[in-house]
Every structure is written in C-alpha cells, then in structure tokens.
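Engineer: There's a structure below that I have some questions on.
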Amino acid sequence: MPEGIVLKVLFESTDMLRARINLLVKNGILGLILVFATLWIFLDARLSFWGGMGIPISIAGALAILWAIGGTINMISLFALIMVLGIVVDDAIVVGEAIFLHRQNGEPPLKAAVDGVCEVGLPVFSAVVTTIVAFIPLACISGIMGKFIQILPMVVIACLLISLVECLILLPAHLSELPDPKPNPKSNNFLSKTPRHSSVSHYSAGSFYH
Numbered sequence: 001m002p003e004g005i006v007l008k009v010l011f012e013s014t015d016m017l018r019a020r021i022n023l024l025v026k027n028g029i030l031g032l033i034l035v036f037a038t039l040w041i042f043l044d045a046r047l048s049f050w051g052g053m054g055i056p057i058s059i060a061g062a063l064a065i066l067w068a069i070g071g072t073i074n075m076i077s078l079f080a081l082i083m084v085l086g087i088v089v090d091d092a093i094v095v096g097e098a099i100f101l102h103r104q105n106g107e108p109p110l111k112a113a114v115d116g117v118c119e120v121g122l123p124v125f126s127a128v129v130t131t132i133v134a135f136i137p138l139a140c141i142s143g144i145m146g147k148f149i150q151i152l153p154m155v156v157i158a159c160l161l162i163s164l165v166e167c168l169i170l171l172p173a174h175l176s177e178l179p180d181p182k183p184n185p186k187s188n189n190f191l192s193k194t195p196r197h198s199s200v201s202h203y204s205a206g207s208f209y210h
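Take the sequence shown: its position 72, counting from 1, is numbered 72 in UniProt numbering, and each next residue is one higher.
Below is the structure:
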C-alpha cells in the first residue's frame, strides 16, 4: 500500500444483519410464548404446543425454499420474515380451536379433525390467499429495483404457503392423535372471574389494543 493511504471501514453490514437476526429470534420466541400461554389458558396445553409449532415450521420451510432457489439471508429476506412472523400462526390457532371444540362436543378424534378443518378451512384458505395476492405485485417489479425487492414477496409467500399446509394437514393429523381434552381449571377460573371484574377486563383489553 502506498505511503499516506489509510483504509477505513465506512459501512459494516454484518452488524445490522446480526441485529436483524436477533430481532427475528426475539420476536419468534415472544410469539411462541404468547401463543403457548393463550392457548394453554383458554383451551388445552397439548393444543398450545402443536398450535405454536406453526411459527418454527413456517420459518424453517421458508428458509429451505430460499436456499433451494439460491437466495441468501440478507436485510430484505430477514425483514420479510420479521414482517410475516405474526401472521403465520393465526391460521393454526383458528383451525386448532375448531378441532378442539368438536372434540369437546364428544366427536371421535379423526372425525373432529376432519369436521374442524371443513368448518374453517375455506375462510382460512381465503385469508391466506388474499394476503398472498397483496404481495404478488411486488414480485412483478422489473429492473434493478425488482431484483432487490423480489426476494421480499417470495419469502412472505413461501412462509404463508408453508403455514397453510401446516394448519390444514399437519396440525389436524397431530390433533387427531391426542387423547380427549380435559377441562382446564385455569381457564374456568379465569373466565368465571371475568364477569365479576368487567371494568378491569374492559380496561385491560382496551390498553392492549391501543
């Protein structure tokens, strides 16, 4: 190197990439905890486990598809994963609750799984397809900008499709093998106290949504 020339790092992308990965992991763990806790309190502990599995399965499936098409983990793909993280578990919760209610009504496990999927399958499918359609225009952008942006809708769509397959096929298969649900005393105690403390419940719900 000639005398008088000094090399300095002006921009280090690895720090931003590491921070984005940490954010994805933290949000994923927090989402799993919230899903487990909510389903365990209001429905069933075993259902909470399989319902929460929609998050890691969807993320792992999207990463596998990203690797298969030659994509990389970069700022845009990580942003897509963070953005879709709160969506992929919604369909599993809806399907799991429907199957759980049929099991509580005394239906056999396999019949409850089939009836639950048939009951909410079309609305869940429509909701996922609607979200996918909203991201398709981003995949059609041409030029240099399109090459950067296209990875975002591809990751989001892959996550949503894996989540849809998981909630309509894998989740019912697992729930059909579980024993009959038992009454959850924590859920009963919580729900029985809610009407007696309606003002507290209303203020808590309002503060949560705001």
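Beta carbons: idealized from backbone N, C-alpha and C, even for Gly. Predicted, not measured: the structure shown is a model, and the values here were computed from it.
Quick one, are the C-beta atoms of residue 152 and residue 128 less than 8 Å apart?
Structural biologist: Going by C-beta atoms, residue 152 is not nearer than 8 Å to residue 128.
Engineer: By a C-beta neighbour count over all protein chains shown, 10 Å radius and 16 as the cutoff for buried, is residue 56 buried or exposed?
Structural biologist: Burial call: exposed.
Engineer: Whole angstroms is fine: what's the gap from residue 8's alpha carbon to residue 17's?
Structural biologist: In a straight line, the C-alpha of residue 8 is about 20 Å away from that of residue 17.
Engineer: For residue 42, which three-state DSSP category applies?
Structural biologist: Looking at residue 42 - three-state DSSP - the assignment turns out to be helix.
Engineer: How many Å lie between residue 95 and residue 21 at the Cα?
Structural biologist: One C-alpha to the other measures close to 30 Å.
Engineer: With H, G and I counted as helix, E and B as strand and the rest as coil, what does DSSP make of residue 141?
Structural biologist: Residue 141 falls in the coil class under three-state DSSP.
Engineer: Are three or more beta carbon pairs between the region 111-123 and the region 36-50 nearer than 8 Å?
Structural biologist: Too few Cβ pairs lie closer than 8 Å, so no.
Engineer: Quick one: is residue 15 buried, meaning 16 or more other Cβ sit within 10 Å of its Cβ, or exposed?
Structural biologist: So residue 15 counts as exposed.
Engineer: Exposed or buried, what is residue 169 when buried is set at 16 or more other beta-carbons lying within 10 Å of its beta-carbon?
Structural biologist: With fewer than 16 Cβ atoms within 10 Å of its Cβ, residue 169 is classed as exposed.
Engineer: List the endpoints of the continuous alpha helix (DSSP H) containing residue 79.
Structural biologist: Per DSSP, residue 79 belongs to the alpha helix (DSSP H) from 75-84.
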